[in-house]
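One line per chain: the protein sequences are B and R, in this order. Letter 93 of the first sequence, counting from 1, is numbered 93 in full-length UniProt numbering, and no numbers are missing. Letter 3 of the second sequence, counting from 1, is numbered 3 in full-length UniProt numbering, and no numbers are missing. Ideal Cβ positions, reconstructed from N, Cα and C, are used throughout, including at glycine. Small disclaimer: the values here were computed from a predicted structure and weren't measured.
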Amino acid sequence: MKSETEDTPLFHKPLSRRQLLGGAATAAVVLVQTAVGKTVQAAIPEAAVIPDDPTKKQGPLPSELGTRSGYEKPVRKPSDTSSRTPLQDLYGTITPADLHYERHHGGVPTINPEEYELYIHGLVEKPMKFTLQDLKRFPAFSRICFLECSGNFRSNPAGKITPQEIAGLTSQSEWTGVLLSTLFREVGVKPNATWFLAEGSDAAVMTRSIPVKKGLQDGMIAYSQNGEAIRPEQGYPARLFLPGWEGNTSVKWLRRIEFSDAPFMTREETSKYTEPVKDGKIRQFSFDMDARSIITFPAYPVQVEKGWMEIRGIAWSGRGKITQVEVSTDAGKTWQLARLQDPVLDKAHTYFRHLWQWNGNETEIMSRAVDETGYTQPTFSQLVAARGDNKGGYHFNPITTWLIQRDGQVLNKPDK
Amino acid sequence: MKNLKILKNSGFNWLLTGLILLGAACTRSPTANKSSATAVVPSTQVTKADSENWPTSFGFGKPATAQEIALLDIDVRPDGKGLPGGSGTVLAGKAVYAVKCAACHGKTGVEGPNNRLVSVVETDAAGTENNKEKTIGNYWPYATTLFDYIRRAMPFNAPGSLTNEEVYALTAFLLNANKIIPAEAFMNAETLPKVVMPAQKLFVPDDRKGGPEVR
């Protein structure tokens, strides 16, 4: 196997001051005296201390923050509007928080948690405001769940496109916070309230209308991601989280909830997160994320060798649990059941594996997910047949096909 | 084991019961061994669904006053609920647009570099007419959304900086540029909700529902 970055040695470049201060990997932490005589920990770059034999040299002492090995460089892929999770670099279903995808509409706001307040008003008995500490005093709730942008689809005519570029706008975390049902009870939601507006405190003051029913079913306000405070890019200090629904509805930096008897028809739910379908119609309030899967190994840009390999990937559905993942290694002629890695959770990334012996002939491999509603991940052409040629870019979840050339180079097979 | 039958059969309850029984077995506490009935008394208490114990109100948080809410409550609904006072003309909007919007959206709302706002029919080399790029004129279903969005998020480099009059004026200008209202029209809390957008009739609710059918 060979990756794009393999011919770039990590530790043989002279170090600049900038690298020392920010970009370089940290190998050790030593105690040093500052100018005012205070003893502090200081990081030494890994390049300075790589021993020939690690058993012959004491390693670094315990430190305040852990670091990745300098040999591992998983990074997101940012564009002007989003930053994508490196799916091909992950071995499990939990996305490290610093690799969680980002999508926002007015940049990442800086919010002082001491000044944070969430207002809940509109069709309620008691209009209320809650500080972050108030939210944390309520009974808490945690769940492991994926979050996916409904615009999570890219293709490339030359096939030189990674899992990260194709589907890197999905990530998974353990989210902890307070259930919306708990807060709804606290404010006394009136019976005629059918929708609520969720509003962020970013520069877009982004808003979405959400059915009250979803909030009661499994909605939550999350203040924690993978056990620590939620990251600024994911909504610090608190965000809405709606399991299985398009990411845009899980409004980050949540500052206000207003109950109403009708949707507000905000910009995001009218002109943006809607998709043209057949007969010139435009589908609106398409909240649920349909089942999808992607093989993350082998995938572009790796080159594989003949013989045994484990095909690996993730599958997920916003409508419940993944019940099976089928893998084809002969361009879709036959399909076999992949093994699902426990735990298989509701509305969560599920890891799958399929052992395969490649004979060295050119072939195509692909995976398709099936969820507990009986939905089977469609092909690109099935989606076009169902929605028409004028299909939008949202909620597009086709089977991803990888072409394995005779030389072992893996390319994405462009969808048609 | 018959004591377990009185427990409610939820996963959480079984887990708690298991932990309690395990704890009893490990410590071999005389109380736990003497009578399983006494061991069950605390377990039935701890395994109550926690909502049964919940108060009507936790009393966390503070009442929000009408004044506090008014400072944040900037949303506008299609029926006009939330629209502020003030008014704006197409002509006034044209002037504001040139100064505060044209750099990103183009001189006439068509040229970009950012989102095209004004609908134009383009004819390609083969002579086919095309008006597919999503704009206010051919895609936005409600005129009130325009006011709401401009007021909360525009201009991109100075969000929330426009006066209500400027927002009404820009809304009027963009609706006129898309040939939806006449040049002499003005927009305010009365007139804006009455504007019918061409694309509104195209919108349908989501019909996907899982199951075998691809939709």
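Margin query: Can you confirm whether R:Glu68, when its beta carbon is compared against all beta carbons of chain B, has any partner nearer than 8 angstroms?
Written below: As a position in the second sequence, residue 68 of chain R is number 68, starting the count at 1. For R:Glu68, the nearest CB of chain B lies under 8 angstroms from its own CB, placing it at the interface with that chain.
Next item on the list: Mind checking who B:Asp371 pairs with in its DSSP beta bridge?
Entry: In the first sequence, counting from the first residue as 1, residue 371 of chain B sits at position 371. Beta-bridge pairing links B:Asp371 to B:Ile322.
Check: Going by beta carbon distance, what residues of the same chain come within less than 6 angstroms of R:Thr171, once the five residues before and after it are set aside?
Finding: As a working note, residue 171 of chain R is residue 171 in the second sequence. Hits under 6 angstroms: Leu146, Phe147 and Met187.
Margin query: I believe B:Ala229 touches B:Val212 by the beta-carbon criterion, under 8 angstroms. Please report the beta-carbon distance rounded to the nearest angstrom.
Written below: In the first sequence, the residue the question calls residue 229 of chain B occupies position 229. In the first sequence, the residue the question calls residue 212 of chain B occupies position 212. That belief does not hold up - the Cβ atoms of B:Ala229 and B:Val212 are roughly 28 angstroms apart, past 8 angstroms.
Item checked: CA-to-CA distance, B:Thr182 to R:Ala169, given in whole angstroms -> By 1-based counting over the second sequence, the position of residue 169 of chain R is 169. By 1-based counting over the first sequence, the position of residue 182 of chain B is 182. Straight-line Cα distance between these residues: approximately 43 angstroms.
Note to self: Please return the same chain residues whose Cβ sits closer than 6 angstroms to the Cβ of B:Ile144, not counting the five positions on each side in sequence.
What the structure shows: Taking the first residue of the first sequence as 1, we reach residue 144 of chain B at position 144. Around B:Ile144: Glu174, Leu345 and Ala348.
Check: Looking only at its own chain, which residues have a Cβ that is under 7 angstroms from the Cβ of B:Thr363, when we skip the five neighbours before and after it?
Finding: One-based indexing of the first sequence puts residue 363 of chain B at position 363. Here the set comprises Thr329, Asp330, Ala331 and Ile404.
Check: Roughly how many angstroms lie between the CA atoms of B:Tyr236 and B:Thr249, to the nearest whole one?
Finding: Walking along the first sequence from the start, residue 236 of chain B turns up at place 236. Walking along the first sequence from the start, residue 249 of chain B turns up at place 249. CA-to-CA, the gap between B:Tyr236 and B:Thr249 works out to about 16 angstroms.
Margin query: Can you give me the C-alpha to C-alpha distance between B:Asn361 and B:Ser317, rounded to a whole angstrom?
Written below: Residue numbering aside, residue 361 of chain B sits at position 361 when the first sequence is read from its first letter. Residue numbering aside, residue 317 of chain B sits at position 317 when the first sequence is read from its first letter. Straight-line measurement puts the Cα of B:Ser317 at about 33 angstroms from the Cα of B:Asn361.
Next item on the list: Please say whether B:Phe264 and B:Leu179 have beta carbons closer to each other than 8 angstroms?
Entry: The count along the first sequence starts at 1 and reaches residue 179 of chain B at position 179. The count along the first sequence starts at 1 and reaches residue 264 of chain B at position 264. The Cβ-Cβ distance between B:Leu179 and B:Phe264 does not fall below 8 angstroms.
Check: Looking at the C-beta of R:Tyr97, does it have a partner C-beta in chain B at a distance below 8 angstroms?
Finding: Along the second sequence, one-based indexing puts residue 97 of chain R at 97. Not a single CB atom of chain B sits nearer than 8 angstroms to the CB of R:Tyr97.
Note to self: Does B:Tyr71 pass the burial test, meaning 16 or more other C-beta atoms within 10 Å, or should it be called exposed?
What the structure shows: Translated into positions along the first sequence, residue 71 of chain B becomes position 71. Counting C-beta atoms within 10 angstroms of its own C-beta, B:Tyr71 has fewer than 16 neighbours from the protein chains shown and is therefore classed as exposed.
Next item on the list: State the beta-bridge partners of B:Glu115 as determined by DSSP.
Entry: Numbered from its first residue, the first sequence carries residue 115 of chain B at position 115. B:Glu115 pairs with nothing; no bridge assigned.
Notebook entry, point to check: Under 8 angstroms between C-beta atoms, does R:Pro182 make it to chain B?
Noted result: Looking up residue 182 of chain R in the second sequence gives position 182. It does not; no Cβ of chain B falls within 8 angstroms.
Checklist line | Neighbourhood of B:Gln284 by C-beta, 8 angstroms cutoff - its chain only, sequence neighbours within 5 removed | finding: Numbered from its first residue, the first sequence carries residue 284 of chain B at position 284. Counting only Cβ-Cβ distances below 8 angstroms, and skipping sequence neighbours, we find Glu269, Thr270 and Thr274.
Margin query: Three Cβ pairs or more, each shorter than 8 angstroms: is that satisfied between the region 200 to 217 of chain B and the region 131 to 148 of chain B?
Written below: Contact fails: fewer than three Cβ-Cβ distances are below 8 angstroms.
Next item on the list: Identify, in the order they occur along the chain, each residue of the same chain with its Cβ nearer than 6 angstroms to the Cβ of B:Lys190, setting aside the five sequence neighbours on each side.
Entry: Residue mapping note: residue 190 of chain B aligns to position 190 of the first sequence, counting from 1. If we look at B:Lys190 and ignore the five residues flanking it on each side, its Cβ neighbours are Leu123.
Next item on the list: Output the distance between the C-alpha atoms of R:Val118 and B:Ala338, rounded to the nearest integer angstrom.
Entry: Taking the second sequence and counting its residues from 1, one reaches residue 118 of chain R at position 118. Taking the first sequence and counting its residues from 1, one reaches residue 338 of chain B at position 338. Taking the straight line joining both Cα atoms gives about 50 angstroms.
Notebook entry, point to check: Would you say R:Phe58 reaches chain B, if we count a Cβ-Cβ gap shorter than 8 angstroms as a contact?
Noted result: Position 58 of the second sequence, counted from the start, is the residue given in the question as residue 58 of chain R. For R:Phe58, the answer is yes, since a Cβ of chain B falls inside 8 angstroms of its Cβ.
Item checked: When B:Asn156, B:Ala385, B:His395 and B:Gly200 are compared against B:Thr110, the one with the closest alpha-carbon -> The residue labelled residue 110 of chain B in the question sits at position 110 within the first sequence. It is B:Gly200 whose Cα lies nearest to the Cα of B:Thr110.
Margin query: Please tell me whether B:Gly159 and B:Lys77 are closer than 8 angstroms, where the distance is taken between their beta carbons.
Written below: To locate residue 159 of chain B, count along the first sequence from 1; it is residue 159. To locate residue 77 of chain B, count along the first sequence from 1; it is residue 77. Between B:Gly159 and B:Lys77, the C-beta gap is not smaller than 8 angstroms, which leaves the two residues out of contact.
Check: R:Val110 touches chain B at which residues, Cβ-Cβ below 7 angstroms?
Finding: Taking the first residue of the second sequence as 1, we reach residue 110 of chain R at position 110. Scanning chain B for C-beta atoms nearer than 7 angstroms to the C-beta of R:Val110 yields nothing, as the closest lies near 16 angstroms away.
Checklist line | Three-state secondary structure (DSSP) of R:Ala39 | finding: Mapped onto the second sequence, residue 39 of chain R falls at position 39. Confidence at R:Ala39 is low in this model, with a pLDDT of 49, below 50, so its placement is unreliable and the value that follows should be read with caution. Note: R:Ala39 maps to helix in three-state DSSP.
Next item on the list: Grab the span of the alpha helix (DSSP H) containing B:Pro163 for me, first residue to last.
Entry: Within the first sequence, the letter at position 163 stands for residue 163 of chain B. Note, B:Pro163: alpha helix (DSSP H), Pro163 to Ala167.
Check: In chain order, what residues of the region 80 to 92 of chain B put their CB closer than 9 angstroms to some CB of chain R?
Finding: Cβ contacts with chain R come from no residue of the region 80 to 92 of chain B.
Next item on the list: Put B:Leu337 into one of helix, strand or coil per three-state DSSP.
Entry: Here the question's residue 337 of chain B lines up with position 337 in the first sequence. Strand, per DSSP.
Notebook entry, point to check: Are any of the Cβ atoms in chain R nearer than 8 angstroms to that of B:Glu4?
Noted result: In the first sequence, residue 4 of chain B corresponds to position 4, counting from 1. In this prediction, B:Glu4 has a pLDDT of 39, which is less than 50 and means its spatial position is unreliable; what the coordinates show is noted afterwards. Not an interface residue.
Notebook entry, point to check: Taking C-beta to C-beta, are residue 216 of chain R and R:Ala199 nearer than 8 angstroms?
Noted result: The displayed coordinates of chain R run from 1 to 215. Any statement about residue 216 of chain R would go beyond what the structure contains.
Note to self: Could you compute how far the alpha carbon of R:Ala32 sits from the alpha carbon of B:Met220?
What the structure shows: Along the second sequence, one-based indexing puts residue 32 of chain R at 32. Along the first sequence, one-based indexing puts residue 220 of chain B at 220. In this predicted model, R:Ala32 has a pLDDT of only 39, less than 50, meaning its place in the structure is not dependable; the value taken from the coordinates is given anyway. Here the C-alpha atom of R:Ala32 lies approximately 39 angstroms from the C-alpha atom of B:Met220.
Check: Alpha carbon to alpha carbon, what distance is there between B:Ser82 and R:Arg151?
Finding: For the purposes of this step, residue 151 of chain R is taken as the residue at position 151 of the second sequence. For the purposes of this step, residue 82 of chain B is taken as the residue at position 82 of the first sequence. Linking R:Arg151 to B:Ser82 through their CA atoms gives a straight-line distance of about 24 angstroms.
Notebook entry, point to check: B:Thr270 versus chain R: which residues are under 7 angstroms apart at the beta carbon?
Noted result: One-based indexing of the first sequence puts residue 270 of chain B at position 270. Those within 7 angstroms of B:Thr270 in chain R are Trp140, Pro141, Tyr142 and Thr145.
Check: In this structure, what does DSSP give as the bridge partners for B:Thr350?
Finding: If you number the first sequence from 1, residue 350 of chain B lands on position 350. Looking at the DSSP assignment, B:Thr350 forms a beta bridge with B:Ala315.
Note to self: Let me see if you follow: with CB-CB separation under 8 angstroms, is R:Tyr149 close to chain B or not?
What the structure shows: As a working mapping, residue 149 of chain R is identified with position 149 in the second sequence. Chain B contact via Cβ: present.
Notebook entry, point to check: How far does the alpha helix (DSSP H) with R:Ala177 in it reach, from first residue to last?
Noted result: The residue labelled residue 177 of chain R in the question sits at position 177 within the second sequence. For R:Ala177, the enclosing alpha helix (DSSP H) begins and ends at Asn164 to Ala177.
Notebook entry, point to check: Secondary structure at B:Asp134, three-state DSSP: helix, strand or coil?
Noted result: Mapped onto the first sequence, residue 134 of chain B falls at position 134. Helix.
Checklist line | Element boundaries [beta strand (DSSP E), containing B:Ala198] | finding: Here residue 198 of chain B is taken as the residue at index 198 of the first sequence, counted from 1. Run containing B:Ala198: Trp195 to Gly200, per the beta strand (DSSP E) assignment.
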